[in-house]
Amino acid sequence: MINLILRVLRCLNKSSIYKIFYLQLVTILIALLSVLSAILIAPFIILVSGESLSTNNPFFQKVFNLVAVFNNDDLFLYVSIIFVSFYVLSILFTLVFTYLNLKWIQDINVFFKKNLYLFYINKNWLYHSNISSKGIISKIESDTNRLGNSVILPFLNLVSNFLISFIIISAIFLVDFNVALISMVTFSLFYLFFYYFFKKKLRKAGDTVTKVYPYYLKSMFEGFSSIKDVILFDKKSFFTNFFSENVNSLKNAHITQSYLPQIPRSLIEIIFFTLLIGFTFVLVKSYNFKFAEIGAMMGFYGICALKVIPALQKIFNSFASINSNISAFINIENDLINAKKISLKKEINTSNQKIKFQKIIKLDDITFTYPNNKKAGVFNVNMTIPWGSKIGIVGKTGSGKSTLLDLILGFIAADKGEIKVDEVIINNNNIKYWQKNLSYVPQNFFIYEGTIKSNIGFGLDESLIENGKIHNSLLLAELNEFIDNETLEVGENGKKLSGGQKQRVGIARALYKNSEVLILDEATSALDTITERNILKNLENNKNLKTTIIVSHRFETLKMCDKIYFIQSGKVEELKNFEELISKYK
Ligand code: ATP
Ligand code: MG
């Protein structure tokens, strides 16, 4: 357990660690108040009964002797006031503590969420192409909550309730050693038995939640985003069953997680009342105890039980919760540690630098293969892209065109060889300064749920988007139908747009960035030839745009290029002229 907590602390920042420390201090105060109010009940009951303050119990006798300096009436008043004040104080403290507990644990959850988000959004394309976005969402959404609410918070409760139990049980030891010993052993054995009995089941339920949650998300995301296929292939029941399966597994796991820890609570009450009544019976029958004394004892033990039983139950629940949610922590532990490093680095590194491109981009003997597919990639590529030129790239499907663009764009890094921009070698450290020169329209363009305007002025606050620039981009991308209708909602992933309109929105977005280099990966494939020609002409006339790299299968588009590179199974060759391309395709 200590080892686990040290591992969790390693993922936190300093202020969160302080918060946890302060939370523990407050619990100590609450524990002390609980004990004081428990001890005060005894003289209070004796005073209510009107009997004199004397007892056989040595501990109570000591307390009574201390207060014997007052006469009975004054004492009654003082004790009543103090008794009520302590109770009020302890409840007020508990309220404050509960608020701080909730707030600070939410702060910690948010800290984890933000760090993970920053971590994943900083990961490169290759990383993202290898993992499922549902896994990421599940980690940010579900695992962080489980770590905060069901591992860290229970740990804090564990410590504080352990302290409360310890102090109250010590107080009972002072009053009656035998009662304390019997109850402590009984309760400890009781909870230990249940803990070991439930441990495996709880761990298994937790593992199920960690494993199933991404599939639960997948069944929703994929079912709804492929709704046309679902309808046409009549796969509604397939997706519904997949969803039901996952949702049922989660339900069963949640029932186990919430119900099992509650079982001991009901049983412990039976044990407690049997002990209390049995104890009173023995006292009355065997020792002829006075009512006031029994009342005081019962009051004292009653209050102790009122505090200690829930505390013991909370200790048990905390162990149960940590045990059944530890898999969530293990699932994100490494990412959290790495995320913490990244967030520290990011704070330092926020420069506005840009690599100057005035002469040539050179790909020098570039080789890249995908780590999980060593046969796919590009091999020994040499290319030169002069400033201001129009470069065409052509080749069969799957030949490596998009891979080549990803290298130029810096989404992936070459295994061998260099990319140079005016003699500056592009590397991991300066890639973002190179990317500031680039605009890109990918093959599978993503449209955001929002307006045409927000899609073109991508990632900018609506108020910061310049209307003049939007107008210009719409004109260049032949999106005349949206001029003066820029606030039209396009639907999720552009559901309300045509395929060609989506591509043109993509081009308009790239043009809004106003970069030195425009890279189009079959960005006009859904357009009719006239619209495509118009767009390319517009680009040619656009003075801001200096260099264009176009992947296309259309000869007409390629004809407009200054240079054409032909790619086959990852190998690139420069074609001497357009005729050579025609002969290759024959
Ligand atoms: P298309 O004209 O169909 O778009 P392309 O020429 O752009 O094809 P690429 O996307 O570059 O082809 O893919 C080249 C090869 O690399 C393919 O065999 C593909 O399966 C493989 N590939 C692409 N992306 C990955 C990836 N993330 N991981 C592993 N292999 C990949
Ligand atoms: Mg491609």
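Using the numbering used here, the letters of the sequence shown correspond one by one to residues 50 to 635.
All residues carry an ideal CB built from backbone N, CA and C; glycine is no exception.
Ignore the nearest five residues each way along the sequence and tell me which others in ILE386's own chain have a CB closer than 8 Å to its CB. Excluding five sequence positions before and after ILE386, the CB atoms of its chain that fall closer than 8 Å to its own CB belong to ARG59, CYS60, given in chain order.
Which two residues bound the contiguous beta strand (DSSP E) that contains VAL200? In this chain, VAL200 is not harboured by any beta strand (DSSP E), its DSSP state being neither H nor E.
For MET609, collect the residues of the same chain with a Cβ closer than 7 Å to its Cβ; drop the 5 residues on either side in sequence, then sort them by chain order. Counting only Cβ-Cβ distances below 7 Å, and skipping sequence neighbours, we find LYS439, LEU585.
So, under 8 Å CB-CB, VAL554 and LEU528 are touching, yes? Tell me the CB distance rounded to an integer number of Å. About 7 Å; that satisfies the 8 Å criterion.
Quick one: complete beta strand (DSSP E) runs, 3+ long, within the segment 144-179? For secondary structure counted as the beta strand (DSSP E) over 3 or more consecutive residues, the segment 144-179 holds no complete run.
Looking only at C-alpha atoms, which of LEU325, LYS408, LYS424, ILE130 sits nearest to MET346? MET346 has its Cα closest to that of LEU325, out of LEU325, LYS408, LYS424, ILE130.
If you draw a straight line from the C-alpha of PHE322 to the C-alpha of ILE358, how long is it? Taking the straight line from one Cα to the other gives about 12 Å.
Among residues of its own chain, excluding the 5 on either side of ILE442, which ones have a beta-carbon nearer than 6 Å to its beta-carbon? Once the five neighbours on either side are set aside, the close Cβ partners of ILE442 are LYS450, VAL600, TYR614.
Measuring CA to CA, which of THR193, ASN583, LEU576 is closest to ASN383? Closest option to ASN383, Cα to Cα, is THR193.
Report the rounded CA-to-CA distance for ASN542 versus SER209, giving the unit in angstroms. Distance from the CA atom of ASN542 to the CA atom of SER209, rounded to whole angstroms, is 49 Å.
Buried or exposed for GLY344, please, with buried defined as at least 16 other CB atoms from any protein chain shown within 10 angstroms of its CB. Buried is the call here.
The ligand MG heavy atom lying under 6 Å from the CB of LYS450: Result yes, Cβ under 6 Å from the ligand MG.
Is it true that the CB of SER373 sits closer than 7 Å to the CB of GLY255? It is a contact, given that the beta carbons lie within the stated cut-off.
Would you say THR433 and ILE415 are within 7 Å of each other, going by their C-beta atoms? The Cβ-Cβ distance between THR433 and ILE415 does not fall below 7 Å.
Heavy atom of the ligand MG within 6 Å of GLN492 beta-carbon: Yes, Cβ of GLN492 sits closer than 6 Å to a heavy atom of the ligand MG.
Below 8 Å on the Cβ atoms is my contact criterion, and I expect LEU523 with ALA557 to pass it. Report the Cβ-Cβ distance as a whole number of Å. So it is a contact: roughly 6 Å between Cβ atoms.
Stretch-stretch touch, CB-based, cutoff 8 Å, three pairs: the segment 180-192 with the segment 156-169: These segments touch.
Exposure label - THR638; buried when at least 16 CB within 10 Å: Only positions 50 to 635 of the chain appear in this structure, which leaves residue 638 out of reach.
Quick check for students: name the residue ranges of the beta strand (DSSP E) that lie wholly in the segment 371-451, counting only runs of 3 or more. The segment 371-451 contains these whole beta strand (DSSP E) runs: 409-419, 422-435, 439-444.
If you count every other CB in all the chains shown that lies within 10 Å of the CB of LEU509, and 16 or more means buried, which is it? When all chains shown are included, LEU509 counts as exposed.
Using DSSP bridges, identify the partner residues of GLN617. Note: GLN617 is bridge-paired with LYS620 in the DSSP secondary-structure output.
ILE184: CB within 6 Å of a non-hydrogen atom of the ligand ATP: The residue you asked about is not Ile; residue 184 is Gly in the sequence shown. No; taking the cut-off as 6 Å, the Cβ of GLY184 has no heavy atom of the ligand ATP nearer than that.
Any idea what DSSP makes of ILE280, helix, strand or coil? ILE280 sits in a helix when the DSSP states are folded into three classes.
Close beta carbons around ILE598, own chain, < 6 Å, minus the five adjacent residues each side: Contacts found: ILE440, ILE568.
Determine which residues share a DSSP beta bridge with VAL470 and list them. Beta-bridge pairing links VAL470 to ILE410, VAL473.
Name the two residues that bound the continuous beta strand (DSSP E) containing TYR489. Its beta strand (DSSP E) spans residues 487-490.
Straight-line CA distance for GLU318 to LEU212? If you take the alpha carbons of GLU318 and LEU212, they lie about 21 Å apart.
Identity of the residues DSSP links to ILE568 by a beta bridge: Looking at the DSSP output, ILE568 bridges to TYR489, ILE598.
Taking LYS612 as the reference, give the member of LYS620, GLY619, TYR497, LEU630 with the closest Cα. Cα-wise, what sits closest to LYS612 is LEU630.
Less than 7 Å between the C-beta atoms of THR596 and TRP483, yes or no? Judged by beta-carbon spacing, TRP483 lies beyond the 7 Å limit of THR596, meaning their Cβ atoms are not closer than that value.
Measure the alpha-carbon distance for ASN583 versus PHE627 and round it to whole angstroms. The alpha-carbon of ASN583 is positioned some 21 Å away from that of PHE627.
Option in ILE304, LYS544, ASN563 with minimal Cα separation from PHE273: Ranked by Cα distance from PHE273, the options ILE304, LYS544, ASN563 are led by LYS544.
Segment contact, 8 Å Cβ cut-off, at least three pairs: the segment 283-296 with the segment 245-252: Because the criterion of three Cβ pairs below 8 Å is not met, the segment 283-296 and the segment 245-252 do not touch.
Taking ASP464 as the reference, which of PHE417, LYS423, ILE364 has the closest Cα? Among PHE417, LYS423, ILE364, the Cα nearest to that of ASP464 belongs to PHE417.
Alpha carbon to alpha carbon, how far is LYS633 from ASP570? About 21 Å.
Quick check: what's the CA-CA separation for ASN171 versus HIS177? Roughly 10 Å separates the two Cα atoms.
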